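Accompanying notes for the structure given below.
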Amino acid sequence: EEMSGAGPGRAGGMREYKVVVLGSGGVGKSALTVQFVTGTFIEKYDPTIEDFYRKEIEVDSSPSVLEILDTAG
95 EEMSGAGPGR AGGMREYKVV VLGSGGVGKS ALTVQFVTGT FIEKYDPTIE
145 DFYRKEIEVD SSPSVLEILD TAG
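Residue numbers (my numbering): 95 to 167.
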């Protein structure tokens, strides 16, 4: 497998994907992001300015890392 050129980065041999969560204020971007990353639903939270998360997943049977930026609405 070629490891150079354009495309996702690599973190410790794993593919690395960068995700930015965008949308209007109060629509549930943070709730959805936290539920995806931790598996728990948050009902109350302080309004987001900007939060950063990392999650290890599998993409096409390859270990990968998502870097998720949760933005303010």
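Beta carbons: idealized from backbone N, C-alpha and C, even for Gly. Since this is a predicted model, take the numbers as computed values, not measurements.
message = So Leu163 and Glu144 are supposed to be a Cβ contact under 8 Å. How far apart are they, rounded?
response = 7 Å
ask   = Just curious, the beta strand (DSSP E) that Lys138 is in, first and last residue?
value = That residue, Lys138, is in no beta strand (DSSP E); it is neither H nor E in DSSP.
query = Nearest-angstrom Cα distance between Ser118 and Thr142?
reply = 12 Å
key: Inter-residue spacing [alpha-carbon to alpha-carbon] between Thr165 and Arg148   = 15 Å
query = Counting along the chain, where does the alpha helix (DSSP H) carrying Ser124 start and finish?
reply = Note, Ser124: alpha helix (DSSP H), Lys123 to Thr132.
key: Simplified DSSP state of Leu163, which is helix, strand or coil   = strand
query = Given Ile136, which residues of its chain have a CB within under 7 Å of its CB, disregarding the five upstream and five downstream residues?
reply = Ala125 and Val128
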